[in-house]
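Residue numbers (the numbering used here): -11 to 444.
Just so it is clear, CB atoms sit at the ideal spot from N, CA and C, and this is done for glycine as well.
Everything numeric in this text was worked out from a predicted model, so none of it was measured.
Beneath this line is the structure, given in C-alpha cells, with notes to follow.
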C-alpha cells in the first residue's frame, strides 16, 4: 500500500482541515473496499424499494444473489489476492514493474480456471427452474467480482486517489441511478444494474492499471514458478475469507435458512443485522489505513533502513521502541474509534433499524454483530502489522484459528437458540484477535534480536 501511504502523508502535510478530511475520506473508501460499498448500495436499494412498487420477493432474490456472489467470489479469490499482492510487491521492489500486468492476467486466468467451472456446475445443478438469462447474469457478475477483487490489490499501490474515488462513484452511482429503470425487467433487471456497476469498476480500474504498469507482454506465468511466490499465502487468504463468511453460510444452510432462488438460501433473522453492522467498520478502516500506512509504515522504514545502513545499536534500539509504540497506538486508535462507533449505534436504539426498514426486534442481534465486526477491524489491523513483519506462518495460524473458532462456535450457538445468535461470530473474531496481538507483542519485543540473527 505504498501508494496510499504516500498520498495520505502528502494530504496531511497540508496541515488543514480540508487535507485531513480528504485523507480520512480516501482512507475510508479504500479501506472499506468494493464489497462494503456493495452492501451499502444494496441497503440503499432496499430502502428505496420501500417507497417504490417493486415486489418484495424480487428485491429479496436480488439481494440474496448478490450476497452469495460477493461471499464466494471473495472466498475463491482470497488466496490469490494475498499471493498476488506479495508477488507484485516483490517485483516492484526489484524494479520490475513490467511484470505487474502479465502477472495480473495470469492470476485472473488461474482464478477463473478454479472458480468459474464450480459456479457453472452449481447453476446447472440447482438453477434448473431459473431463467437462463438470470443464470448468465449470475455467471458474468461472479467473473466481474473476481476481477474487481484482484484489481483492488493493485489500486492500493497507486497514487491517483481522486481517480479511484471517481471510479467507485461512477460504478456504484450508475448502479443506483439505473436501478429503478432496470427494475421493470424484474430480478434480471436488478441484477443487470449491479453487473453494469461492476463492469464500470472493472473498466476504470483496468485503465488505471494499464496506464501505470505498461508491459510488452500480455500474460506471464512467472507468478506461479517455484521460488517466485509463497504458497502459504494461498491457504492464508482462503482461510481468512472462509473464517469471515462461515457464520453467515452456516445460518443460510442451517435451520434458520430458507430457500430463496434455485440453490440460494438466506437467513432472514441473521442476514439483515450482520450486513447492516458491516457498515459500521468504515470509521475504523479509515483510522486503520491512516495509522498503519503513515505512522507505522514510516517507523518500519526508518528501522530497517538504519539496520541495512549499519546504524548505531542505540539508534536501532530507539527505532525499535518507536516502531513498537506506533504499532500499539495504531491498534489502540482502532479500538477507540470502533468502541465509540459501537456505543453510538447502541445508544441510537431501534431508530437506525427503522431507517433501513428493519424490525426493532433485530436490535439485540444487531448490537452483537456491531461488536463482532468492530473486533474484525482490529484483527485486520493486527494481521497487517504481521504482514509488515513478514510473519506469514503466524498469519496462517491466526487465519486457521479464526476459521475453526467461527465454525465451531457458530454451530454451537445455533444449537443453543436465538439468544446466542451472533456470539459465535464475536467469540471467533475475539479469539483470533487475541492470538494475533500476542504474536505481535512477542515479535516486536524480539525484533532487533531476530533481525540481526537472520542477517548473520
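DSSP, reduced to helix, strand and coil, places residue 162 within a helical segment of the structure shown.
Cβ contact annotation for residue 59 (same chain, cutoff 8 Å, sequence separation greater than five): 233, 236 and 237, in chain order. In the structure shown, the three-state DSSP call for residue 247 is strand.
Note: residue 253 is bridge-paired with 247 in the DSSP secondary-structure output. Here the alpha carbon of residue 170 sits roughly 33 Å from the alpha carbon of residue 199. Between residue 187 and the set 129, 176 and 51, the nearest pair of CA atoms involves 129. With a contact defined as Cβ atoms closer than 8 Å, residue 255 and residue 346 miss out at about 14 Å. Of the candidates 268, 94, 262 and 310, the residue whose Cα lies closest to the Cα of residue 205 is 94.
Take residue 192, set aside five residues on each side of it, and the residues of its chain with a beta-carbon closer than 6 Å to its own are 155, in chain order.
Here the stretch 383 to 393 lies against the stretch 409 to 423, with 3 or more beta-carbon pairs under 8 Å apart. Taking 7 Å as the cut-off, the beta carbon of residue 314 is found no closer than this to the beta carbon of residue 289. Along the length of the stretch 184 to 266, whole alpha helix (DSSP H) runs at least 4 residues long occupy 220 to 241 and 256 to 266, reported in chain order. For residue 307, the closest alpha carbon among the candidates 321, 318, 326 and 286 is that of 286. Using a Cβ-Cβ distance cut-off of 8 Å, the stretch 424 to 434 and the stretch 363 to 379 are in contact, since at least three pairs of beta carbons, one from each stretch, lie closer than that value.
Beta-carbon to beta-carbon, residue 415 and residue 393 are separated by about 7 Å, close enough to satisfy the 8 Å threshold.
Between residue 357 and residue 410, the C-beta spacing is below 7 Å.
Here DSSP, grouped into helix, strand and coil, assigns residue 434 to coil. Remark: C-beta atoms of residue 74 and residue 218 approach each other more closely than 7 Å. The count of Cβ pairs closer than 8 Å, one atom from the stretch 61 to 77 and one from the stretch 130 to 142, reaches three, so the stretches are in contact. No Cβ-Cβ contact shorter than 7 Å links residue 190 with residue 269. Assignment of residue 410 by DSSP, reduced to helix, strand and coil, places it in the coil class.
DSSP, read as helix, strand or coil, puts residue 83 in coil.
Distance from the Cα of residue 163 is smallest, within the candidate group 362, 25 and 406, for 25. Under the three-state reduction of DSSP, residue 347 is assigned to coil, being neither helix nor strand. Selection 212, 303, 317 and 263 evaluated against residue 98 yields 212 as nearest (Cα-Cα).
In this structure, DSSP gives residue 103 a helical state, which the three-state scheme calls helix. Bounds of the alpha helix (DSSP H) holding residue 127 are 120 to 143. A direct Cα-to-Cα measurement between residue 123 and residue 369 gives close to 38 Å. For residue 293, the enclosing alpha helix (DSSP H) starts and ends at 285 to 296.
As summarised for the stretch 377 to 408, the continuous alpha helix (DSSP H) elements at least 4 residues long and confined to that stretch are 380 to 404, given in chain order. Spatial neighbours of residue 361 in its own chain (CB-CB distance under 7 Å, excluding positions within 5 residues in sequence) are listed in chain order as 265, 266, 268 and 269. Burial of residue 30 is indicated by the presence of at least 16 other C-beta atoms within 10 angstroms of its C-beta. For a cut-off of 8 Å, the C-beta gap from residue 49 to residue 325 is around 36 Å, too long to register as a contact.
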